Amino acid sequence: HYQEYERGIPVAHLKVIGDTDKTGTITRFKPDPEIFKETTEYEFDTLATRMRELAFLNRNIKLTIEDKREHKQKKEFPYEGGIKSYVEHLNRSKQPIHEEPVYVEGSKDGIQVEVALQYNEGYTNHIYSFTN
Numbered sequence: 001h002y003q004e005y006e007r008g009i010p011v012a013h014l015k016v017i018g019d020t021d022k023t024g025t026i027t028r029f030k031p032d033p034e035i036f037k038e039t040t041e042y043e044f045d046t047l048a049t050r051m052r053e054l055a056f057l058n059r060n061i062k063l064t065i066e067d068k069r070e071h072k073q074k075k076e077f078p079y080e081g082g083i084k085s086y087v088e089h090l091n092r093s094k095q096p097i098h099e100e101p102v103y104v105e106g107s108k109d110g111i112q113v114e115v116a117l118q119y120n121e122g123y124t125n126h127i128y129s130f131t132n
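Here it is in C-alpha cells:
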C-alpha cells in the first residue's frame, strides 16, 4: 500500500501497489520551509538519537533512519529488550555495580508502568522519564 501526504492531509487515496511478505511502515520526511521557518536542515545524529530512544521505548520493533542527502548515512535500532536494554545502553561505558538492570512492570486501573534501573560506580545521576 502507498499513500502520500502534504501538511498532514492525504494527497490521494490509499493505493494498492502489489503483494509482499514484508511488514512495516516507511515514512519519508522533507521539511516544508513554509512550516519550518527557522531551518529545514537537520543533524542526522540528533534525529538518530531520538529514533534510538523510540526503539528502546517500543520493545520488539526495529527502527531505521536513513539520510539520503549528500553525506548518505543509515542506522538501524533493533532493541528487543525495551527500557531494560536502554539502561544497559546508557551504562555501556560505565562499571555497573550489579550485572543485570532491575526491571519491574505492572498495571493498575488501566495505567501501565515500566521501570528499569542500574547503579554504577559513577558519581553522577541520570534520570530519564518517558510518558505516553
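Note that full-length UniProt numbering numbers the sequence shown so that position 132 is 132, with each residue one more than the last.
Cβ atoms here follow ideal geometry from the backbone N, Cα and C, with glycine treated the same way.
If you're wondering where the values come from, they're calculated on a predicted model, not measured in any experiment.
Rounded to whole angstroms, Gly81 and Tyr123 show a C-alpha spacing of 26 Å.
Boundaries of the alpha helix (DSSP H) around Ile83: Gly82 to Leu90.
When C-alpha distances from Glu105 are compared across Ser93, Lys84 and Arg92, the shortest belongs to Lys84. Checking the DSSP bridge columns, you'll see Glu76 partnered with Thr64. Non-local beta-carbon contacts of Lys94 in its own chain, meaning distances under 6 Å to residues more than five positions away in sequence, involve Asn120 and Gly122 in chain order. Looking only at Ile127, Phe36, Pro10 and Asp45, the smallest Cα-Cα distance to Lys72 is reached by Asp45.
Within the same chain, Cβ atoms closer than 7 Å to the Cβ of Ile61 are found at Ala55, the five residues on either side in sequence being excluded.
Going by C-alpha positions, Phe77 is about 23 Å away from Glu99. If you compare the alpha carbons of Glu43, Asn132 and Glu6 with that of Arg69, the shortest gap goes to Glu43.
For the pair Tyr5 and Lys30, the Cα-to-Cα distance works out to about 11 Å. Membership of Glu34 in any beta strand (DSSP E) is not indicated, and neither H nor E is assigned to it by DSSP.
Taking 8 Å as the cut-off, the beta carbon of Asp32 is found closer than this to the beta carbon of Arg7. With 16 or more neighbouring CB atoms inside 10 Å of its own CB, Pro101 falls in the buried class.
Take the alpha-carbon of Tyr103 and the one of Ser129: they are about 14 Å apart.
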